[in-house]
Amino acid sequence: MNYNVNEAGFYGEFGGAFIPEMLYPNVEELRQNYLKIMSEPAFKEEFEQLLKDYVGRPTPLYFAKRLSEKYNTKIYLKREDLCHTGAHKVNNTIGQILLAKRLGKSRIIAETGAGQHGVATATVCALMGLQCIVYMGEIDIERQAPNVARMKMLGAEVRPALSGSRTLKDATNEAIRDWINNPVDTYYIIGSVVGPHPYPDLVARFQSVISAEIRSQLLEKEGAETPDYVIACVGGGSNAAGAFYHFLDTPSVQLIAVEAAGKGVHSGESAATSVLGKTGVIHGSKTLLMQTKDGQITEPYSISAGLDYPGVGPLHAHLFQTGRARFFAATDAESMEAGLELCQLEGIIPAIESAHALAVLQQKKFGKEAIVIINLSGRGDKDLDTYIDYFQL
Numbered sequence: 001m002n003y004n005v006n007e008a009g010f011y012g013e014f015g016g017a018f019i020p021e022m023l024y025p026n027v028e029e030l031r032q033n034y035l036k037i038m039s040e041p042a043f044k045e046e047f048e049q050l051l052k053d054y055v056g057r058p059t060p061l062y063f064a065k066r067l068s069e070k071y072n073t074k075i076y077l078k079r080e081d082l083c084h085t086g087a088h089k090v091n092n093t094i095g096q097i098l099l100a101k102r103l104g105k106s107r108i109i110a111e112t113g114a115g116q117h118g119v120a121t122a123t124v125c126a127l128m129g130l131q132c133i134v135y136m137g138e139i140d141i142e143r144q145a146p147n148v149a150r151m152k153m154l155g156a157e158v159r160p161a162l163s164g165s166r167t168l169k170d171a172t173n174e175a176i177r178d179w180i181n182n183p184v185d186t187y188y189i190i191g192s193v194v195g196p197h198p199y200p201d202l203v204a205r206f207q208s209v210i211s212a213e214i215r216s217q218l219l220e221k222e223g224a225e226t227p228d229y230v231i232a233c234v235g236g237g238s239n240a241a242g243a244f245y246h247f248l249d250t251p252s253v254q255l256i257a258v259e260a261a262g263k264g265v266h267s268g269e270s271a272a273t274s275v276l277g278k279t280g281v282i283h284g285s286k287t288l289l290m291q292t293k294d295g296q297i298t299e300p301y302s303i304s305a306g307l308d309y310p311g312v313g314p315l316h317a318h319l320f321q322t323g324r325a326r327f328f329a330a331t332d333a334e335s336m337e338a339g340l341e342l343c344q345l346e347g348i349i350p351a352i353e354s355a356h357a358l359a360v361l362q363q364k365k366f367g368k369e370a371i372v373i374i375n376l377s378g379r380g381d382k383d384l385d386t387y388i389d390y391f392q393l
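So for the sequence shown, full-length UniProt numbering puts the first residue at 1; every next one is plus one.
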């Protein structure tokens, strides 16, 4: 079984580039050039230097002793929360801003849900001296105020998406409209493994540094490059793609993706795409998508602004369909409790997105000698208001 993208941009039956004709020149320019640019020695040298000296890589692979004792297994946390800007998102924005510069673009647009991708994009635009416009749902602007302030301090313009559910899906729609209207000077930095080909592939490649580091760090700590399990939360799925990438063709490594069940998978307020979704097209890609019988997109819900997306990246749809990855769903309550547990056992406040991955420990029993890697995709500073309100702190 092949888990990588083919030349047409498909993972099995999922993927491709289902785009309006007006967007074709933008996407085609990127498709024709991204692999060539990414293979240039000068590009790789600049990308790796920035990851090391600016982002702070490699991020630690931390053995969580007290968490391991509680769940009677060996748990390592991949500390993407320690990246500059506070999440894994910057791995991808560093790569894409270098692509944009080599394509001669001077204006950058992006979409964001939890704000982490928006902050990461605003950061690299400031670093490179490029104009930055970030689209964000009006609801997300309200619940992620600290990240909105950070983007503005970094010089970005934050434009609210006022249509639909006023969350990530609608912000993405607005960004695509902007790109159609500004095809010459503008580059669209997509934050997850979603969108038309080649975005799912190029974002996964930039994020694959996570699993590359896990292999080398685990060899040092355990004498073997491969764990028994790799666990990551999935909205669009960029952190999971990065954590899974170098293990996709190693069947002994069990991959676990955790979606947001919201108030319950069948409550009507959920974002558990693998359970509730069926094949459809969203934002230029064929994938699993939450939709009504007549094909209208179902509004997702999660307490986590980074996970309330009605679809999932095509790579993950393929992993689900083929059974290569097991998909779990964690409710708001389970995730918030898991996040608080990590605070009190390990002294680490996780992003609520990452807390969904931690919640699997309550649902699945692992062997005592099993090596379990959990990708801690982001830190919880941005979510403090949500934690405060939820636990009445």
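Every residue, glycine too, gets a C-beta built ideally from N, C-alpha and C.
All values derive from a computational prediction rather than experimental measurement.
Do the CB positions of residue i and residue j come within less than 9 Å of each other?
| i | j | result |
| --- | --- | --- |
| residue 186 | residue 156 | no |
| residue 301 | residue 334 | no |
| residue 10 | residue 197 | yes |
| residue 130 | residue 101 | yes |
| residue 366 | residue 234 | no |
| residue 26 | residue 183 | yes |
| residue 322 | residue 15 | no |
| residue 330 | residue 359 | yes |
| residue 210 | residue 242 | yes |
| residue 253 | residue 230 | yes |
| residue 350 | residue 217 | no |
| residue 371 | residue 149 | no |
At the level of alpha carbons, what is the spacing between residue i and residue j?
| i | j | result |
| --- | --- | --- |
| residue 377 | residue 5 | 24 Å |
| residue 137 | residue 212 | 34 Å |
| residue 206 | residue 48 | 10 Å |
| residue 114 | residue 251 | 33 Å |
| residue 352 | residue 316 | 20 Å |
| residue 108 | residue 175 | 10 Å |
| residue 380 | residue 318 | 30 Å |
| residue 50 | residue 292 | 44 Å |
| residue 373 | residue 354 | 13 Å |
| residue 260 | residue 236 | 11 Å |
| residue 382 | residue 81 | 12 Å |
| residue 338 | residue 332 | 10 Å |
Does DSSP put residue i in a helix, in a strand, or in coil?
| i | result |
| --- | --- |
| residue 25 | helix |
| residue 14 | strand |
| residue 132 | strand |
| residue 196 | coil |
| residue 289 | strand |
| residue 169 | helix |
| residue 6 | coil |
| residue 83 | coil |
| residue 154 | coil |
| residue 184 | coil |
| residue 109 | strand |
| residue 393 | coil |
| residue 204 | helix |
| residue 190 | coil |
At which residues does the alpha helix (DSSP H) containing residue i begin and terminate?
| i | result |
| --- | --- |
| residue 103 | First-last for residue 103: undefined, no H or E at that position. |
| residue 215 | 209 to 222 |
| residue 309 | That residue, residue 309, is in no alpha helix (DSSP H); it is neither H nor E in DSSP. |
| residue 141 | 138 to 143 |
Can you tell me where the beta strand (DSSP E) holding residue i begins and where it ends?
| i | result |
| --- | --- |
| residue 160 | 157 to 161 |
| residue 239 | Looking at the DSSP string, residue 239 is not in any beta strand (DSSP E); the run it does join, the alpha helix (DSSP H), is 238 to 244. |
| residue 322 | Unbroken run through residue 322 is the alpha helix (DSSP H), 314 to 322; no beta strand (DSSP E). |
| residue 231 | 229 to 233 |
In chain order, what are the residue ranges of uninterrupted beta strand (DSSP E) at least 3 long that sit wholly in the region 22 to 68? 61 to 63
Quick one: which unbroken alpha helix (DSSP H) runs of 4-plus residues sit fully inside the region 330 to 381? Chain order, please. Runs of the alpha helix (DSSP H) inside the region 330 to 381: 332 to 346 and 352 to 358.
Within the region 247 to 305, ranges of the alpha helix (DSSP H) (whole runs, at least 4 residues): Listed in chain order, the complete alpha helix (DSSP H) runs (minimum 4 residues) inside the region 247 to 305 are 273 to 276.
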